[in-house]
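**Student:**
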């Protein structure tokens with residue numbers, strides 16, 4: 003069985019607002035890529051840096067509907083690099099909100115890659131929670147989230 007997952011959340015904002023919160027680097031840096039930011043907007047064919055160092059390849063951007071990304075899959079140290087595929091879908095709801103669904107697939111089949119998929123599943127779930135708090139209430143949930151910040155060290159994203 004190949005590791006893959008799908009997570010989703012309802013955001014109480016119109017699809018245009020929610021979509022812009024992902025493609026706009028200033029907004030994305032305000033709730034998700036808070037350490038190092040996002041280097042540029044998500045535009046089809048671009049490669050942007052998230053967290054100041056993670057290259058994200060943008061395969062497709064369908065305005066207010068879908069974003070398809072690729073980035074390096076993780077697993078055992080020293081293995082040949084490969085890409086996983088992330089698909090984000092934005093569905094306008096009858097009540098004016100938006101259902102955001104994020105799916106990631108493409109890991110290799112092994113225990114190490116399965117663990118890596120679990121870590122990313124946690125990260126995408128956290129992104130949805132942070133986006134909801136940021137867009138609906140103006141709260142940055144990631145501020146002070148990592149133990150390193152509590153010890154006075156520079157904030158760091160978890161390893162991918």
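Numbering (the numbering used here), first residue to last: 3 to 162. Heads up, the beta-carbon is just placed ideally off N, CA and C, and yes, glycines get one too. This structure is a prediction, so every number in the text was calculated from the model and none was measured.
1) Hey, would you say the C-beta of residue 35 is under 7 Å away from at least one heavy atom of the ligand GTP?
2) Relative to the C-alpha of residue 31, which residue among 52, 47, 126 is closest?
3) Put residue 10 into one of helix, strand or coil per three-state DSSP.
4) Here's a check: name, in chain order, each residue in its chain whose Cβ is nearer than 8 Å to the Cβ of residue 95, leaving out the five neighbours to either side.
5) Note down the Cα distance separating residue 71 from residue 98, rounded to an integer number of angstroms.
6) Would you mind working out which of 92, 118, 112 sits nearest residue 130, comparing C-alpha positions?
7) Mind checking who residue 1 pairs with in its DSSP beta bridge?
8) So residue 73 is in the beta strand (DSSP E); what residue range does that whole segment cover?
9) Going straight from the alpha carbon of residue 57 to that of residue 90, what length do you get?
**Tutor:** To lay it out plainly:
1) No copy of the ligand GTP occurs in the structure displayed, which carries no ligand at all.
2) Position 29 of the chain shown, counted from the start, is the residue given in the question as residue 31. Residue 31 has its Cα closest to that of 52, out of 52, 47, 126.
3) As a working note, residue 10 is residue 8 in the chain shown. Of the three classes helix, strand and coil, the one that applies to residue 10 here is strand, per DSSP.
4) Here residue 95 refers to the residue found at position 93 when the chain shown is read from its first residue. 12, 101, listed in sequence order.
5) Reading the chain shown from its first residue, position 69 is the one you call residue 71. Reading the chain shown from its first residue, position 96 is the one you call residue 98. If I take the Cα positions, the gap works out to 26 Å.
6) Translated into positions along the chain shown, residue 130 becomes position 128. It is 92.
7) Nothing about residue 1 can be reported from this structure: the residues present for the chain run from 3 to 162 only.
8) The residue you call residue 73 lines up with position 71 of the chain shown. 68–74 is the extent of the beta strand (DSSP E) around residue 73.
9) Taking the chain shown and counting its residues from 1, one reaches residue 57 at position 55. Taking the chain shown and counting its residues from 1, one reaches residue 90 at position 88. Whole-angstrom Cα-Cα distance: 17 Å.
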